[in-house]
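For reference, the structure discussed in these notes is given below.
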Amino acid sequence: MNHFERSFTIKKPINEVFCLLSDIDQYQNFLPFCKSSEIIEIKKDYIVAKLTLDFFGIKNSFVTKNINKKNESIIMDMQDGPFKSFLAVWRFESITDQSTQLGFKMDYELNNPLLEFAFKKNLNSVSNLIVNAFKEKL
1342 MNHFERSFTI KKPINEVFCL LSDIDQYQNF LPFCKSSEII EIKKDYIVAK LTLDFFGIKN
1402 SFVTKNINKK NESIIMDMQD GPFKSFLAVW RFESITDQST QLGFKMDYEL NNPLLEFAFK
1462 KNLNSVSNLI VNAFKEKL
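So for the sequence shown, my numbering puts the first residue at 1342; every next one is plus one.
Written out as structure tokens, the structure is:
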């Protein structure tokens, strides 16, 4: 099992940050590598969403069950996709009225060892691109 973790500050109120990260339908319009994003199912306690990503010519789709706790966390548990296992969590913490600390943790294992090697090798640079895309959208 592999682990990835990072945190950063966004100079926006916690509610704005949470709303953007939970607006999965819009990911395809601003996130790098995201070719499509859709909500498949909405229930009282969770959302099922599908993302299709294209990392350097390797296209994969995955479905997650997301449990959103407003302005606190988004827990993503993989239901289908290229991962043998996948669990990720966004954590939100208000620093000031206009500043939010955002943490991301992910435990994962991919089905394909070559894909896993490429994923691990590029994870830091890809995560920087994604973080910057969220910051610019806000």
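Ideal Cβ positions, reconstructed from N, Cα and C, are used throughout, including at glycine. Every value quoted in this text rests on a predicted model; they were computed, and no experiment measured them.
Can you find the residues in the same chain that come closer than 6 angstroms, C-beta to C-beta, to residue i, ignoring five residues on each side of it along the sequence?
{"i": "Phe1445", "result": "Arg1347 and Trp1431"}
{"i": "Thr1437", "result": "none"}
{"i": "Ile1416", "result": "Ile1408 and Val1430"}
Taking the beta strand (DSSP E) that residue i belongs to, which residues open and close that run?
{"i": "Ile1436", "result": "Phe1424 to Thr1437"}
{"i": "Glu1346", "result": "Asn1343 to Ile1351"}
{"i": "Glu1450", "result": "Ser1440 to Leu1451"}
Kindly give me the distance between the Cβ atoms of residue i and residue j, rounded to whole angstroms, as I take these residues to be in contact under 8 angstroms.
{"i": "Ser1377", "j": "Ile1365", "result": "About 11 angstroms; that fails the 8 angstroms criterion."}
{"i": "Ser1435", "j": "Ile1355", "result": "4 angstroms"}
Can you list, in chain order, the residues of its chain with a C-beta nearer than 7 angstroms to that of residue i? Leave out the 5 residues immediately preceding and following it.
{"i": "Leu1479", "result": "Ile1351, Lys1353, Glu1357, Val1358 and Leu1361"}
{"i": "Gly1422", "result": "Asn1401, Ser1402, Phe1403 and Val1404"}
{"i": "Ser1414", "result": "Val1430, Trp1431, Arg1432 and Phe1433"}
{"i": "Ile1460", "result": "In the sequence as displayed, the identity of residue 1460 is Phe instead of Ile. Leu1451."}
Restricting to Cα atoms, I'd like to know which of the options is closest to residue i.
{"i": "Gln1442", "options": "Asp1386, Leu1470 and Lys1476", "result": "Lys1476"}
{"i": "Asn1469", "options": "Asp1448, Phe1349 and Thr1405", "result": "Phe1349"}
{"i": "Gln1420", "options": "Ser1414, Ile1408, Val1472 and Asn1412", "result": "Ile1408"}
{"i": "Phe1458", "options": "Phe1396, Ile1380 and Tyr1368", "result": "Phe1396"}
{"i": "Leu1392", "options": "Asp1386, Ile1380, Ile1399 and Lys1384", "result": "Ile1380"}
{"i": "His1344", "options": "Glu1450, Ser1440 and Ser1435", "result": "Glu1450"}
{"i": "Leu1302", "options": "Lys1384, Met1447 and Tyr1387", "result": "Missing from the structure shown is residue 1302; the chain here goes from 1342 to 1479 and no further."}
{"i": "Leu1464", "options": "Val1404, Ile1415, Phe1374 and Phe1403", "result": "Phe1374"}
{"i": "Ile1399", "options": "Ser1466, Ile1355, Ala1474 and Leu1455", "result": "Leu1455"}
{"i": "Tyr1387", "options": "Thr1437, Asn1370, Gln1367 and Asp1418", "result": "Asp1418"}
{"i": "Lys1410", "options": "Gln1439, Ser1363, Asn1473 and Phe1460", "result": "Ser1363"}
{"i": "Ser1440", "options": "Lys1462, Asn1412, Ala1390 and Ser1426", "result": "Asn1412"}
{"i": "Tyr1368", "options": "Leu1394, Ile1383 and Glu1382", "result": "Leu1394"}
Which residue comes first and which comes last in the alpha helix (DSSP H) that contains residue i?
{"i": "Ile1355", "result": "Ile1355 to Ser1363"}
{"i": "Lys1461", "result": "Pro1454 to Lys1478"}
Just to confirm my understanding: we take residue i, look at its own chain, exclude 5 residues before and 5 after, and list those with CB closer than 8 angstroms. What are they?
{"i": "Phe1424", "result": "Phe1403, Tyr1449, Glu1450, Leu1451 and Asn1452"}
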